[in-house]
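Here the sequence shown stands for residues -27 to -1, 1 to 176, where the numbers follow mature numbering (1 follows the signal peptide of the UniProt record, and there is no 0).
Here a beta-carbon is modelled for each residue, glycine too, at the ideal position from N, C-alpha and C.
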Amino acid sequence: MNRYVGRVVAITGAARGLGLAMAQRFAAEGAAVAMADVRADALAGAGDSIAARVSGPMRCDVVDVSCSGSVDDWIAKIATEFGRLDVLINNAGIIRDNRLENIADNDWHSVLAVNLSGAFYCARAAFGPMTDQGYGRIVNFSSMSWRGNFGQTNYVAAKAGIVGLTRAIALEGARHGITANAIAPGLIDTRCWPRWMAQPAAN
């Protein structure tokens, strides 16, 4: 259970769901884990739950991934405390589902800002320390929805953008020992579970 001893792993959207599960596993495998989320209370609880079971190095930071300054500060703190950054997992995401004609400007911009721009900001900030050490692994969360999904125009656009973003990062990172991959899960029971799934028989 020590596959990641000496490695530093940064995870966004780490307070709940997939992000928390990944943080727990990496910590159990010996990694130093840097957890980020916009929800302070949930993040504190998540950090405490890991610290109660694993004694390894860890930090929790309230980060708004839609704000480049917040992301830059977070990555700088990680590099200062741990001296390196090996793995970045861009997991933070939101949904604001609606039919195309009913999507408000704010719901369009907020979904793109968190789900796509957030991944870009984090990858850009991580590129420096990863390039300096000649090693890095960037994992971006897309979704099977990137191929198109009813009532999710904003979310689909963001997740399709993640696929293109990841390919571009991989091309630029290769000469520095940095790889980039995208994961596109199907439906998973997290807080982003679509509201209509609560009544599957009716929908």
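Segments of 3+ residues assigned as beta strand (DSSP E) that fall wholly inside the stretch 100 to 147: If we require 3 residues or more, the beta strand (DSSP E) runs fully inside the stretch 100 to 147 come out as 109 to 114.
Are the CB atoms of V(-19) and F(-2) within a distance shorter than 7 Å? Yes, the Cβ-Cβ distance between F(-2) and V(-19) is below 7 Å.
Where A9 sits in the DSSP three-state scheme: In the three-state scheme derived from DSSP, where H, G and I count as helix and E and B as strand, A9 is classed as strand.
Could you spell out where the beta strand (DSSP E) holding I68 opens and where it closes? Neither: I68 is in no beta strand (DSSP E) and is coded neither H nor E.
DSSP-derived helix/strand/coil call for D59: D59: coil per DSSP, three-state reduction.
T139 to G29, Cα distance in whole Å? Our two residues, T139 and G29, have alpha carbons roughly 30 Å apart in a direct line.
Cβ neighbour criterion (16 or more within 10 Å) applied to W119: Any answer about W119 is weak, because its pLDDT of 49 lies below 50 and its placement is not dependable; what the coordinates show is given next. The residue is buried, with at least 16 neighbouring Cβ atoms inside 10 Å.
What distance in whole Å lies between the Cβ atoms of M8 and A19, which are believed to be in contact at a cut-off of 8 Å? Rounded, the Cβ-Cβ distance is 6 Å, consistent with contact.
Note down, in chain order, each residue of its chain lying with its Cβ closer than 7 Å to the Cβ of E54, except the 5 sequence neighbours on either side. Excluding sequence neighbours, E54 sits near R32.
N113 and R92 - do their beta-carbons sit closer together than 7 Å? The sequence shown places Ala at residue 92, not Arg. Cβ distance < 7 Å, so A92 and N113 count as in contact.
Which two residues bound the contiguous beta strand (DSSP E) that contains R32? Run containing R32: M31 to V35, per the beta strand (DSSP E) assignment.
Compute the distance between the beta-carbons of N79 and A131, then report whether it is under 7 Å. Between N79 and A131, the gap from beta carbon to beta carbon reaches 7 Å or more.
How close, in whole Å, do the beta carbons of A5 and D45 come, if the pair is a contact with beta carbons under 8 Å? Their Cβ separation, rounded to whole angstroms, is 20 Å, which puts A5 and D45 out of contact at 8 Å.
Give me, in chain order, the residues of the same chain whose beta-carbon lies closer than 6 Å to that of S43; leave out the 5 immediate sequence neighbours on both sides. Within the same chain, S43 has close Cβ partners V36 and D37.
Would you kindly work out how many angstroms separate the C-alpha atoms of R72 and Y128, rounded to a whole number? So the two alpha carbons sit approximately 11 Å from each other.
Enumerate in chain order the residues of its own chain whose CB-to-CB distance from E2 is below 7 Å, with the five nearest sequence positions on each side excluded. Around E2: M(-27), N(-26), R(-25) and Y(-24).
How would you label N64, buried or exposed, when you count the other beta carbons within 10 angstroms and need 16 or more for buried? Buried: at least 16 other Cβ atoms inside 10 Å.
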